[in-house]
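A.B. asks: In the working numbering, the protein residues as written are 467 to 754.
C-beta: ideal position from N, C-alpha, C; glycine also.
Sharing a structure, written as structure tokens. Questions coming.
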Ligand SMILES: NC(=O)c1ccc[n+]([C@@H]2O[C@H](COP(=O)([O-])OP(=O)(O)OC[C@H]3O[C@@H](n4cnc5c(N)ncnc54)[C@H](OP(=O)(O)O)[C@@H]3O)[C@@H](O)[C@H]2O)c1
């Protein structure tokens, strides 16, 4: 039996949709903090069990009878709490007799990264590796799906992308395709104690993103590199919450530091076909 945490989140949803043609629904346990949000999964025959990262006992109960847990990283933004939530979930899996934990990490996780989520992923990887559980760690790059948010909703009217990534090259992967890769990993053998770079090439600078938007829409778009402080000030003007500002400012710094400048053939191998590239994605979102 497979259990998936964060099952009502977007990556959890994508993974379960990709699993359903491969696994009988009753063999899938969707671990959710609010079962009411998972009514559609119940109707499909998926087992829905309540589990909150802040309540380790609930995870312990949710993991009963489960062989493999897909631990989708929490969306909590406070770093110490993120790490505690992940450690408690790993402990709960171990105590419940789970054999294998598959964890969604980040590209180049590091305790020194300026991207606030990265040290927590690093600490979780270390903890999982030391736990004695069989592990598979997918180091996911940034979602292609966040590019419209990064370039800003006014990009086509202003013709400008104001962002603080410098000349950093960034790899992106479509969230649905990461879900398909996860489903493939969960349903095939040979992934015990492996680290996978879920980072399809090519990588792109924000100049490349601007040029691709120009190509796709026919409208002039230019990238204007700005400082991290100016990026934060702009988000404050738009009432973006402070934890999100810190996360995005740190993400931009990590892009400048080339943390997401990685292209690996592993993603295509695990997906079983060529991944969606930036131009195809932007054509879907912005094309006429
Ligand atoms: N690579 C990237 O570009 C990128 C971007 C964003 C996030 N991420 C990371 O990847 C993860 C999955 O991405 P996503 O797009 O699926 O994010 P998402 O849609 O925000 O889903 C996050 C999931 O975590 C669950 N969750 C949060 N706090 C919880 C708690 N205390 N107990 C139990 N469940 C809790 C949420 O539950 P509810 O459904 O009840 O809200 C949701 O199901 C995120 O959580 C984040 O760590 C990566």
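Return the Cβ separation of residue 582 and residue 713 in integer angstroms, given the expectation that the two are a contact with Cβ distance under 8 Å.
C.D. replies: Here residue 582 is taken as the residue at index 116 of the chain shown, counted from 1. Here residue 713 is taken as the residue at index 247 of the chain shown, counted from 1. Right, the Cβ-Cβ distance comes to about 6 Å (below 8 Å), so this counts as a contact.
A.B. asks: Alpha carbon to alpha carbon, how far is residue 751 from residue 673? Give it in angstroms, no decimals.
C.D. replies: Here residue 673 refers to the residue found at position 207 of the chain shown. Here residue 751 refers to the residue found at position 285 of the chain shown. Taking the straight line from one Cα to the other gives about 19 Å.
A.B. asks: Can residue 520 be considered in contact with ligand 1, in the sense that its beta carbon sits closer than 7 Å to one or more heavy atoms?
C.D. replies: On the chain shown, residue 520 is found 54 positions in, with the first residue counted as 1. Yes.
A.B. asks: Between which two residues does the alpha helix (DSSP H) holding residue 607 run?
C.D. replies: Here the question's residue 607 lines up with position 141 in the chain shown. From DSSP, residue 607 is part of no alpha helix (DSSP H); its letter is neither H nor E.
A.B. asks: By the three-class DSSP mapping on this structure, what secondary structure does residue 571 have?
C.D. replies: Counted from its first residue, the chain shown places residue 571 at position 105. Looking at residue 571 - three-state DSSP - the assignment turns out to be strand.
A.B. asks: Taking only heavy atoms of ligand 1 into account, decide whether any of them is closer than 7 Å to the Cβ of residue 498.
C.D. replies: What you label residue 498 is simply residue 32 of the chain shown in a count that begins at 1. Yes, ligand 1 has a heavy atom inside 7 Å of this Cβ.
A.B. asks: Buried or exposed for residue 479, please, with buried defined as at least 16 other CB atoms from any protein chain shown within 10 angstroms of its CB.
C.D. replies: Here residue 479 is taken as the residue at index 13 of the chain shown, counted from 1. So residue 479 counts as buried.
A.B. asks: Among 744, 649, 615, whose alpha-carbon lies nearest the alpha-carbon of residue 639?
C.D. replies: Counted from its first residue, the chain shown places residue 639 at position 173. Of the candidates 744, 649, 615, the one whose C-alpha sits nearest the C-alpha of residue 639 is 744.
A.B. asks: Are there three or more Cβ pairs, one per stretch, closer than 8 Å when the region 640 to 659 is compared with the region 725 to 741?
C.D. replies: Flag = yes, the region 640 to 659 and the region 725 to 741 touch.
A.B. asks: If we ignore side chains and look at the alpha-carbon of each, how far apart do residue 501 and residue 472 end up?
C.D. replies: By 1-based counting over the chain shown, the position of residue 501 is 35. By 1-based counting over the chain shown, the position of residue 472 is 6. Roughly 11 Å separates the two Cα atoms.
A.B. asks: Please state if the CB of residue 590 and the CB of residue 566 are separated by a distance shorter than 8 Å.
C.D. replies: Taking the chain shown and counting its residues from 1, one reaches residue 566 at position 100. Taking the chain shown and counting its residues from 1, one reaches residue 590 at position 124. No. Outside cutoff.
A.B. asks: In terms of alpha-carbon separation, which member of 543, 661, 564, 620 lies closest to residue 585?
C.D. replies: Counted from its first residue, the chain shown places residue 585 at position 119. Comparing Cα positions, the closest option is 543.
A.B. asks: Less than 7 Å separating the Cβ of residue 565 from some heavy atom of ligand 1?
C.D. replies: Residue mapping note: residue 565 aligns to position 99 of the chain shown, counting from 1. Flag unset: Cβ of residue 565 not near ligand 1.
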